[in-house]
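Here the structure is laid out as structure tokens; the discussion comes afterwards.
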Amino acid sequence: MTDLLRGPIHAVHVELGATFAPFGGWEMPVSYAGTVAEHQAVRSTVGLFDVSHLGKATVRGTGAAAFVNSALTNDLGRIRPGKAQYTLCCAPDGGVIDDLIAYYVSDEEIFLVPNAANTAAVIAELGKVAPEGVTVTDEHRDYAVFAVQGARSIEVLTALGLPTELEYMAYADAEWDGHPVRVCRTGYTGEHGYELLPPWDDAEPLFRALVEQVRAADGQVAGLGARDTLRTEMGYPLHGHELSLEISPVQARCGWAVGWKKPEFWGKAALEQEKSAGPRRLLLGLEALDRGVLRQGQTVLRDGKPVGETTSGTFSPTLKAGIALALLDTEADIEPGVEVEVDVRGRRLRCKVIRPPFVQTSTK
1 MTDLLRGPIH
11 AVHVELGATF
21 APFGGWEMPV
31 SYAGTVAEHQ
41 AVRSTVGLFD
51 VSHLGKATVR
61 GTGAAAFVNS
71 ALTNDLGRIR
81 PGKAQYTLCC
91 APDGGVIDDL
101 IAYYVSDEEI
111 FLVPNAANTA
121 AVIAELGKVA
131 PEGVTVTDEH
141 RDYAVFAVQG
151 ARSIEVLTAL
161 GLPTELEYMA
171 YADAEWDGHP
181 VRVCRTGYTG
191 EHGYELLPPW
201 DDAEPLFRAL
211 VEQVRAADGQ
221 VAGLGARDTL
231 RTEMGYPLHG
241 HELSLEISPV
251 QARCGWAVGW
261 KKPEFWGKAA
271 LEQEKSAGPR
281 RLLLGLEALD
291 RGVLRQGQTV
301 LRDGKPVGET
311 TSGTFSPTLK
321 AGIALALLDT
331 EADIEPGVEV
341 EVDVRGRRLR
351 CKVIRPPFVQ
361 TSTK
């Protein structure tokens with residue numbers, strides 16, 4: 001028996017030979033053919049991910065968009081219905097409750113996709129202060145989420161009759177086999193790709209059809225392991241690692257997702273003060289110059305003195321080297337190109353500081 005939650009197509013993952021691990025309270029497929037092979041498939045052809053564990057919530061009612069815009073950091077006024085936007089839900093002190101995607105359906109409806117472990121917190125915070133006539137509904141188990149990522153993702157969707165001619169961060173509501181499916185030009189890999197949101201109960205037939213077309217395009221079904229190596233190569237933050245209640249958007253270099261000119265959003269005063277004064281630490285990348293494995297929570301040193309800590313670390317299948325993201329003290333004045341060391345279980349591993357991404361891709 002397990003207390004972990006399972007997505008709508010867990011039995012399909014078992015059938016496909018997935019290995020599993022807990023993540024955000026869910027039992028998630030980690031890999032099928034191996035993380036490196038799945039990673040390389042996404043970078044070269046196409047990969048298919050089941051990320052149905054992601055949260056889903058809808059804010060509805062008169063003034064729903066204006067309400068969400070007054071709470072979350074990014075400026076919904078920059079987009080229009082049919083577009084999606086990366087944004088953050090911050091605490092009053094500027095810490096990050098979660099990062100999420102907001103789908104602008106209409107002025108009266110915003111669809112949110114937060115991280116699995118933080119869905120309840122986001123819904124609770126919005127629900128506490130929602131104006132009269134605006135509701136915040138948890139729809140976690142109403143929709144599945146499948147990510148089709150890679151250069152041949154267009155072929156996969158075209159074969160299923162789904163729309164592909166979408167701007168980056170735009171979406172379309174379509175149909176497949178008589179069932180609705182939302183198709184969005186988003187992803188977490190750095191490659192051209194799409195995320196599909198079918199109803200939870202209709203998810204299995206669509207996933208099986210996607211598997212067939214992905215394999216026809218020389219791609220692979222991919223798990224959580226490849227998702228993590230791909231996003232780390234891009235320098236994309238993961239909540240609990242590069243963003244948290246202790247790590248602000250300013251420190252994580254996510255200021256581009258903050259509508260600084262908006263009159264209000266949660267945490268605005270604290271973030272403006274931090275931005276003006278300059279953060280005490282900033283996120284940068286590390287590429288290992290020696291052989292070794294970089295992981296979260298390792299001390300970064302310069303001239304033998306601690307100057308920061310890694311927030312994520314992995315082996316990069318593209319670079320064939322260890323890479324990490326790290327929060328480095330701004331007082332240490334560390335710029336890209338500088339050599340530092342990372343304490344890996346008592347051994348000093350030489351690394352070069354870089355500004356992510358670690359690899360160049362074609363997201364847009």
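Per the numbering used here, residue 1 is the first one in the sequence shown, and the count goes up by one each step.
Each residue gets a CB set at the ideal place from its N, CA and C atoms; glycine is no exception.
Limits of the unbroken beta strand (DSSP E) element including residue i
i, result
"residue 354", "347-354"
"residue 247", "Residue 247 -> no beta strand (DSSP E), and no H or E assigned at all."
"residue 111", "109-113"
"residue 102", "96-106"
"residue 160", "No beta strand (DSSP E) holds residue 160; DSSP gives it neither H nor E."
"residue 182", "179-184"
"residue 260", "Careful: residue 260 lies outside any beta strand (DSSP E) and carries neither H nor E."
"residue 367", "Outside the displayed range of the chain (1 to 364) lies residue 367, so it cannot be described from this structure."
"residue 135", "135-138"
"residue 266", "Run containing residue 266: none; DSSP gives neither H nor E here."
Contact belief for residue i with residue j at Cβ below 8 Å, rounded distance in angstroms
i, j, result
"residue 61", "residue 125", "Not a contact, Cβ separation roughly 17 Å."
"residue 327", "residue 308", "5 Å"
"residue 287", "residue 243", "Contact flag wrong, Cβ pair sits at about 22 Å."
"residue 104", "residue 81", "5 Å"
"residue 259", "residue 93", "At roughly 19 Å, the Cβ-Cβ gap does not stay under 8 Å, so residue 259 and residue 93 are not in contact."
"residue 254", "residue 72", "The pair is not a contact, with the Cβ atoms about 12 Å apart (cut-off 8 Å)."
"residue 76", "residue 65", "6 Å"
"residue 134", "residue 67", "5 Å"
"residue 336", "residue 355", "5 Å"
"residue 325", "residue 235", "6 Å"
"residue 245", "residue 91", "6 Å"
"residue 8", "residue 203", "4 Å"
"residue 18", "residue 32", "5 Å"
C-beta contact flag for residue i and residue j at 9 Å
i, j, result
"residue 35", "residue 310", "no"
"residue 12", "residue 20", "no"
"residue 183", "residue 163", "yes"
"residue 221", "residue 151", "no"
"residue 353", "residue 278", "no"
"residue 179", "residue 154", "no"
"residue 329", "residue 280", "yes"
"residue 233", "residue 338", "no"
"residue 186", "residue 101", "yes"
"residue 316", "residue 241", "no"
"residue 85", "residue 28", "no"
"residue 257", "residue 249", "yes"
"residue 217", "residue 160", "no"
"residue 38", "residue 223", "yes"
"residue 289", "residue 351", "yes"
"residue 138", "residue 115", "no"
"residue 149", "residue 194", "yes"
"residue 196", "residue 181", "yes"
"residue 26", "residue 5", "yes"
"residue 176", "residue 52", "no"
"residue 69", "residue 265", "yes"
Alpha helix (DSSP H) segment containing residue i, residue limits
i, result
"residue 127", "119-129"
"residue 151", "First-last for residue 151: undefined, no H or E at that position."
"residue 64", "64-71"
Subject >> In chain order, each alpha helix (DSSP H) run of at least 4 residues that lies wholly inside the segment 191-237 >> reply: Correct list: 203-216, 224-234.
Original post:
Taking contact to mean at least 3 C-beta pairs separated by less than 8 Å, is the segment 52-59 in contact with the segment 138-154?
Top reply: Verdict: yes, contact present.
**OP:** Could you pull out every unbroken beta strand (DSSP E) segment of at least 3 residues lying fully inside the segment 13-56, listed in chain order?
**Re:** You should have 19-23, 26-31, 47-50.
Original post:
Counting pairs of Cβ atoms below 8 Å between the segment 285-305 and the segment 338-355, do you hit three or more?
Top reply: Inter-segment contact for the segment 285-305 and the segment 338-355 is present: three or more beta-carbon pairs are separated by less than 8 Å.
**OP:** Output the residue ranges of the beta strand (DSSP E) runs that lie fully inside the segment 273-359 and measure 3 residues or longer, sorted by chain position.
**Re:** Whole beta strand (DSSP E) segments, 3+ residues: 281-288, 299-302, 305-316, 321-329, 339-344, 347-354.
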